[in-house]
Every structure is written in structure tokens, then in C-alpha cells.
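So the working numbering is basically just the index in the sequence shown, starting at one, shifted up by 1.
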Amino acid sequence: MAQQVLSVTQINEYIRAQMDADPLLGNLAVRGEISNYKMYPSGHHYFTLKDEGGALRAVLFKGNAMKLRFRPENGMKVIALGKISVFPRDGAYQLYCTALTVDGVGDLHAAFEQLKAKLAAQGLFDPAHKKPLPKYPRTIGIVTSSAGAAVHDMLRILRKRYPLTKVLLLPVRVQGAEAPPEIAAAIRYANHFRLADLLIVGRGGGSMEDLWAFNDERVAYAIYESQIPIISAVGHEPDVTISDYVADLRAATPSNGAELAVPDQDALRQTLDAMSASMATSLARQLKATKQHLSVLSASPALQSPVGYLQQKRKSVELLSSRLMSAQIQGVERKKRRYVELTAKLDAMSPLKVLTRGYAMAQTESGEVLKSVKQVNPGDTITVNLSDGRLEACVTKEGK
Numbered sequence: 002m003a004q005q006v007l008s009v010t011q012i013n014e015y016i017r018a019q020m021d022a023d024p025l026l027g028n029l030a031v032r033g034e035i036s037n038y039k040m041y042p043s044g045h046h047y048f049t050l051k052d053e054g055g056a057l058r059a060v061l062f063k064g065n066a067m068k069l070r071f072r073p074e075n076g077m078k079v080i081a082l083g084k085i086s087v088f089p090r091d092g093a094y095q096l097y098c099t100a101l102t103v104d105g106v107g108d109l110h111a112a113f114e115q116l117k118a119k120l121a122a123q124g125l126f127d128p129a130h131k132k133p134l135p136k137y138p139r140t141i142g143i144v145t146s147s148a149g150a151a152v153h154d155m156l157r158i159l160r161k162r163y164p165l166t167k168v169l170l171l172p173v174r175v176q177g178a179e180a181p182p183e184i185a186a187a188i189r190y191a192n193h194f195r196l197a198d199l200l201i202v203g204r205g206g207g208s209m210e211d212l213w214a215f216n217d218e219r220v221a222y223a224i225y226e227s228q229i230p231i232i233s234a235v236g237h238e239p240d241v242t243i244s245d246y247v248a249d250l251r252a253a254t255p256s257n258g259a260e261l262a263v264p265d266q267d268a269l270r271q272t273l274d275a276m277s278a279s280m281a282t283s284l285a286r287q288l289k290a291t292k293q294h295l296s297v298l299s300a301s302p303a304l305q306s307p308v309g310y311l312q313q314k315r316k317s318v319e320l321l322s323s324r325l326m327s328a329q330i331q332g333v334e335r336k337k338r339r340y341v342e343l344t345a346k347l348d349a350m351s352p353l354k355v356l357t358r359g360y361a362m363a364q365t366e367s368g369e370v371l372k373s374v375k376q377v378n379p380g381d382t383i384t385v386n387l388s389d390g391r392l393e394a395c396v397t398k399e400g401k
């Protein structure tokens with residue numbers, strides 16, 4: 002009998018039918034490490050699952066990929082759910098994934114860590130960006146569900162601690178797919194119209210799934226961009242969300258958020274009482290010191306006997322005036338004596354003084370003092386200065 006000849010397509014279709022009929026291959030959970038991960042513009046994800054002994058090609062189509070809560074990465078250990086089948090065009094079998102979970106941790110935890118690392122790298126958690134809270138807020142906006150117990154706890158605490166502040170509720174959904182855009186929109190709305198001095202954003206406790214809206218990237222950016230300081234008050238104390246990292250202050254619970262938002266009126270009253278008592282003590286101390294000073298002044302001679310005080314001051318002025326006059330006279334006398342001494346010395350050094358003793362001083366026509374016969378020639382006119390006048394003479398001859 003002649004051997005049956007099959008086409009490549011027939012063989013591939015046959016193998017695929019055999020695989021699709023196998024119940025084990027039709028519903029698999031495969032553990033492996035992701036490698037060669039690629040996401041195409043079509044939205045399909047292609048990757049390889051590998052372990053120490055082998056590798057398996059896999060594909061996650063767009064419809065199933067949209068359900069992922071985390072972003073697959075090379076080196077990530079996962080558990081892939083799906084079936085093994087053959088792609089007839091290539092004749093290669095691969096795993097058609099319907100779901101993908103992180104091995105060892107939940108999808109939500111993996112997504113949380115990925116978003117946390119991303120936002121931290123972008124600087125959304127930088128302490129330098131955090132704004133100080135107003136000490137005495139006039140208006141507080143609360144972004145939360147109007148139906149939850151958390152809002153009633155916050156309103157009760159705010160009224161009790163600081164009734165002077167006005168509270169504005171911005172109701173939003175805090176759970177489900179619609180929650181993140183509503184929370185982000187409420188924060189931006191409050192900023193656009195500057196509705197409050199401070200915002201409290203949060204909700205009561207729940208599972209990680211329940212609190213997931215506060216781990217949403219859109220909410221994180223809205224908090225980061227807010228010009229109004231924000232307190233994140235989500236869940237119970239052990240619960241930590243992305244909003245807690247981005248906000249200006251993290252509260253352990255919504256009730257704690259209300260406590261952190263406003264001062265305690267009882268504590269303020271105690272502080273005011275203490276300040277009032279301190280001011281009263283200080284005022285009493287000043288009054289006592291002023292009274293003592295007034296007593297000293299009232300006992301002074303000027304107030305006890307004004308006339309006697311003035312007479313005493315008059316005598317002091319007369320004494321000072323006498324001393325001043327005496328000092329001035331003595332100073333003038335010293336100056337006179339000094340003047341006479343200097344005049345005598347100057348007179349003794351004067352050339353005119355020498356002339357009174359019979360000496361004369363001769364000068365050339367140009368006014369130079371004659372010191373040598375070589376300065377003139379016969380026929381030159383000279384001036385002879387005497388004690389009582391001067392003579393003009395003519396040089397007739399030079400002698401020695």
C-alpha cells in the first residue's frame with residue numbers, strides 16, 4: 002500500500018488538534034522566569050519562560066494583558082496560566098497565556114513596588130517638595146466617600162478639636178475603577194478654585210484591593226501637583242499606600258489625619274492661660290520695679306526741697322564758673338609768657354639786630370647778598386643796608 006503524503010500545514014493542524022484535545026495541555030499553570038520580553042504596538046505581549054532545564058515560548062494577547070495589575074519584566078519569576086498549542090504558520094508550539102501572576106508575591110504587591118520605584122525615581126517622594134501644613138487652617142477640604150464611617154469620624158474630631166475651622170466635603174468614590182479619576186479630579190478641583198487651606202485625602206480600612214485607588218498613578222500625580230498641602234489618611238496604621246509617600250504628611254488613620262490637621266482647642270486654652278498668667282506676672286514685676294523707682298525719685302533732694310536743690314546746683318555752677326575763669330586766665334598768662342620768649346628769640350636771630358651794632362649788609366642790583374668781591378665788578382651799583390636806612394654806592398675798585 003502506498004504511503005500517505007501529508008502537507009506541512011496538515012501535519013501542523015494535526016499536531017495542534019492533538020494538543021488541543023489533551024486535557025493536561027489545555028489548562029496549565031507554568032512556573033518560570035521571563036526573558037526576551039516584548040510588548041508590541043498591537044498590545045500583545047511576547048516572552049519566553051525558562052528555568053534551569055529549558056525554555057518555553059509564550060504569548061499574552063491584548064485582551065488578557067489589559068487585566069494585568071503589574072508590568073512584566075525580564076528576570077521576573079511568574080506563574081503563567083493558559084494552554085499549549087501549535088501556531089500552524091511556524092510549526093512551533095507555545096504557551097497561550099490567559100493570566101499571569103508574580104511567583105511568591107501577589108500581583109498587587111508587585112504592582113505597588115513597581116509604581117513606588119517609578120515615582121521615587123521621578124522625585125515624587127522627595128522631602129524637599131513637601132509643603133508645611135497651616136497651623137490654624139480656616140478651611141479644610143476632605144476628599145473621601147460621603148457614605149463611609151471615616152468621614153463622620155473626621156468631622157467629629159475636627160468639631161471637637163478646633164470648631165473655628167470650616168470643613169468642606171468633596172465626595173468621591175474610594176473603591177473601584179471609577180475611584181482614581183474621581184479622587185484626582187477632586188484634588189485638582191480644590192486647587193483650581195482654592196477651596197481650602199488644607200486637604201485630607203483618604204478612606205477607612207480595608208484589604209489591599211479595597212485601598213488600591215490610593216495606589217493609582219493618577220492620584221499620585223494629582224497629590225504631587227497640588228498647591229494645597231495634603232494629608233494622606235488611608236486605612237489603618239499598618240496600611241501604606243503610594244498616596245502616603247507623595248503627600249505632605251501621612252496619617253495612620255483618617256481619625257489621626259483630623260487630629261494632625263488642626264490644633265486642640267483645650268491645649269490652646271491651656272497655652273493661652275499660661276501666657277496670660279505669664280503676662281500678669283511680668284506686668285506685676287514691672288509695676289513693682291516702677292513703684293520702687295518712683296519711691297527713690299520721691300526721696301531725692303530735688304523733690305523734697307526744690308528751692309534748696311536749685312540753690313545747691315547754683316553754687317555748683319558758680320564754683321565751676323570760677324574754676325573755668327581761673328583756668329582761662331592761667332592759660333592766657335602761659336600763652337603770653339611763651340609769646341615773649343619766642344619774640345626775644347626771634348629778635349635775637351634777626352639780621353636787623355646786627356645792623357644796630359654798626360654792621361651793614363650789601364646787596365647787588367639783583368638783590369643778592371654780597372658775600373664775595375667776585376660777585377661785583379668796578380662800576381657796578383650796590384645797595385648798603387644800615388640800621389636806619391640804606392645807601393646806594395658804586396664800586397670803584399676791588400681791594401683785598
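For glycine and all other residues, C-beta sits at the position ideal for the given N, C-alpha and C.
Measure the CB-CB distance between residue 50 and residue 101 and report whether it falls below 8 Å.
Counting from one through the sequence shown, the residue named residue 50 turns up at place 49. Counting from one through the sequence shown, the residue named residue 101 turns up at place 100. Contact: no.
Apply the 10 Å Cβ neighbour rule to residue 254 and answer buried if 16 or more other Cβ atoms are within range, or exposed otherwise.
Within the sequence shown, numbered from 1, the residue matching residue 254 stands at position 253. With 16 or more Cβ atoms within 10 Å of its Cβ, residue 254 is classed as buried.
Three-state class that DSSP yields for residue 378 in the structure shown:
The residue you call residue 378 lines up with position 377 of the sequence shown. Correct three-state label for residue 378: coil.
Pick from 214, 317 and 82: whose alpha carbon is nearest that of residue 206?
Within the sequence shown, the letter at position 205 stands for residue 206. Residue 206 has its Cα closest to that of 214, out of 214, 317 and 82.
8 Å Cβ shell around residue 237 - same chain, five flanking residues per side excluded:
Taking the sequence shown and counting its residues from 1, one reaches residue 237 at position 236. Hits under 8 Å: 206, 253 and 254.
Can you round the beta-carbon distance between residue 154 and residue 256 to whole angstroms, since I take them to be within the 8 Å contact cut?
Taking the sequence shown and counting its residues from 1, the one referred to as residue 154 is at position 153. Taking the sequence shown and counting its residues from 1, the one referred to as residue 256 is at position 255. That belief holds up - the Cβ atoms of residue 154 and residue 256 are roughly 5 Å apart, short of 8 Å.
For residue 95, does the three-state DSSP call read helix, strand or coil?
Counting from 1 along the sequence shown, the entry for residue 95 is found at position 94. Correct three-state label for residue 95: strand.
Rounded to whole angstroms, what's the CA-CA distance from residue 293 to residue 285? Just pull it up for me.
On the sequence shown, position 292 is the one that residue 293 refers to. On the sequence shown, position 284 is the one that residue 285 refers to. Their Cα atoms are separated by approximately 12 Å.
Residue 317 to residue 350, Cα distance in whole Å?
Residue mapping note: residue 317 aligns to position 316 of the sequence shown, counting from 1. Residue mapping note: residue 350 aligns to position 349 of the sequence shown, counting from 1. If you take the alpha carbons of residue 317 and residue 350, they lie about 50 Å apart.
Can you tell me whether residue 113 is buried or exposed? The criterion is at least 16 other CB atoms within 10 Å of its CB, across all chains shown.
Taking the sequence shown and counting its residues from 1, one reaches residue 113 at position 112. It counts as buried.
Got a sec, what are the start and stop residues for the beta strand (DSSP E) residue 172 sits in?
Numbered from its first residue, the sequence shown carries residue 172 at position 171. Element bounds for residue 172: 167-172.
For residue 86, list the residues DSSP reports as bridge partners.
Here residue 86 refers to the residue found at position 85 of the sequence shown. BP columns for residue 86 point to 95.
Between the CA atoms of residue 216 and residue 117 - distance to the nearest angstrom
On the sequence shown, position 116 is the one that residue 117 refers to. On the sequence shown, position 215 is the one that residue 216 refers to. If I take the Cα positions, the gap works out to 9 Å.
Could you work out which residue in 76, 72, 45 and 109 is closest to residue 97 when comparing CA atoms only?
As a working note, residue 97 is residue 96 in the sequence shown. It is 45.
6 Å CB neighbourhood of residue 120 in its chain, flanking five on each side removed
As a position in the sequence shown, residue 120 is number 119, starting the count at 1. Closer than 6 Å at the Cβ level, and outside the excluded window around residue 120, lie 221.
Between which residues of its own chain and residue 250 is the CB-CB distance below 7 Å, once the five residues before and five after are set aside?
In the sequence shown, counting from the first residue as 1, residue 250 sits at position 249. Excluding positions up to five away in sequence, the list reads 134, 232 and 261.
What are the start and end residues of the alpha helix (DSSP H) that includes residue 244?
In the sequence shown, counting from the first residue as 1, residue 244 sits at position 243. That run of the alpha helix (DSSP H) goes 243-247.
What residue range does the beta strand (DSSP E) around residue 229 cover?
By 1-based counting over the sequence shown, the position of residue 229 is 228. That residue, residue 229, is in no beta strand (DSSP E); it is neither H nor E in DSSP.
Contiguous alpha helix (DSSP H) assignments of at least 4 residues, all confined to the stretch 297-352:
302-305 and 307-350
Limits of the beta strand (DSSP E) - the one that residue 38 falls within
Numbered from its first residue, the sequence shown carries residue 38 at position 37. Residues 29-40.
Sorry if obvious, but does the Cβ on residue 63 come closer than 7 Å to a heavy atom of the ligand PLP?
Within the structure as shown, the ligand PLP is missing, as the structure has no ligands at all.
How is residue 393 classed by DSSP in three states: helix, strand or coil?
Here residue 393 refers to the residue found at position 392 when the sequence shown is read from its first residue. Reduced to three states, the DSSP call for residue 393 is strand.
When DSSP builds the beta bridges, which residues end up paired with residue 20?
As a first step, residue 20 is located in the sequence shown; it is residue number 19 there, counting from the start. According to DSSP, which records beta bridges pairwise, residue 20 is partnered with nothing at all.
Spatial neighbours of residue 391 within its chain, please: C-beta separation below 8 Å, excluding the five flanking residues on both sides.
Locating residue 391 in the sequence shown gives position 390, counting from the first residue. The residues are 384 and 385.
So residue 137 is in the beta strand (DSSP E); what residue range does that whole segment cover?
The residue you call residue 137 lines up with position 136 of the sequence shown. Taken as a continuous stretch (DSSP letters only), residue 137 belongs to no beta strand (DSSP E), as it is neither H nor E.
Identify, in the order they occur along the chain, each residue of the same chain with its Cβ nearer than 8 Å to the Cβ of residue 10, setting aside the five sequence neighbours on each side.
Here residue 10 refers to the residue found at position 9 of the sequence shown. Here the set comprises 89.
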